[in-house]
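Take the sequence shown: its letters are residues -28 to -1, 1 to 130, numbered as in mature numbering (1 follows the signal peptide of the UniProt record, and there is no 0).
Every residue gets a Cβ at the ideal spot worked out from N, C-alpha and C, and that includes glycine.
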Amino acid sequence: MGGVQQVLKAAALAVALAWSAAVGPAQADDRLIGTVKTAEGEVALVRGNATLAAAVGDDVQLHDRLRTGSDGSVGVTLNDGTLISLGPNSLFEFSEFEYAPQRGAFGFLGTIDGGTMLYSSGKVGKLAPDRTRIKTPISVIAVRGTRFAVGLPAAAGN
């Protein structure tokens, strides 16, 4: 019986590893929503409890926050072609993002807590303007156009 149990354990482990390999990348890909295209001066990418210096080519994931210092600026292109540019002393979070044309599912919510931002719509903003929003400390901007700018007092801690 010992040999049969070992074979069953090995088979169960193989199935679990195959399943996690098949599911793991899809879940990781769902969180990848864009890429840092420009970064100058002090720019931090905050992911969970980790803070990293942002660099051109870095992946941007759902719920990531970008923080710029007094000399910082950063530009991000999302998977649908949306462009987000932040100026000095800014804090921005990618709160929600869904771009799944095969399912007809679109949405974007960005949260800016301070600083300056330039937004240029990609496909989500053009196909689902009613599901595209920017939240500030005092309002929510419903995106109906293709470009706009936001200016707020510097984010706390910047």
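Among the options, which one has its Cα closest to the Cα of residue i?
i, options, result
"G20", "S92, L34, G82", "L34"
"V46", "S57, E65, S67, R37", "S57"
"K98", "F78, I110, T83, T23", "F78"
"G44", "N51, A16, R105", "A16"
"N51", "G94, A100, F64", "G94"
"E65", "T83, G53, L55, V32", "T83"
"V112", "F80, A126, S92", "F80"
"D31", "G76, V18, T7, R3", "T7"
Quick one: grab the DSSP three-state call for residue i.
i, result
"V28", "coil"
"G6", "strand"
"R105", "strand"
"L34", "coil"
"G97", "helix"
"R39", "strand"
"G(-5)", "Bear in mind that a pLDDT of 37 at G(-5), under 50, signals an unreliable position, so the model cannot answer this."
"T118", "coil"
"A11", "strand"
What residues match up with residue i in a beta bridge as DSSP calls it?
i, result
"E68", "L81"
"S57", "G47, L90"
"A16", "A25, R39"
Can you give me the C-alpha to C-alpha distance between residue i and residue j, rounded to a whole angstrom?
i, j, result
"I5", "G59", "21 Å"
"E12", "K107", "25 Å"
"S42", "S62", "9 Å"
"S67", "Q74", "22 Å"
"D85", "R37", "10 Å"
"T40", "G87", "9 Å"
"A26", "D102", "31 Å"
"Q(-2)", "Y71", "Unreliable placement is indicated for Q(-2), whose pLDDT of 39 sits below 50; the coordinate value is still reported in the next sentence. Going from the Cα of Q(-2) to the Cα of Y71 covers about 14 Å."
"L90", "K9", "14 Å"
"G29", "G53", "15 Å"
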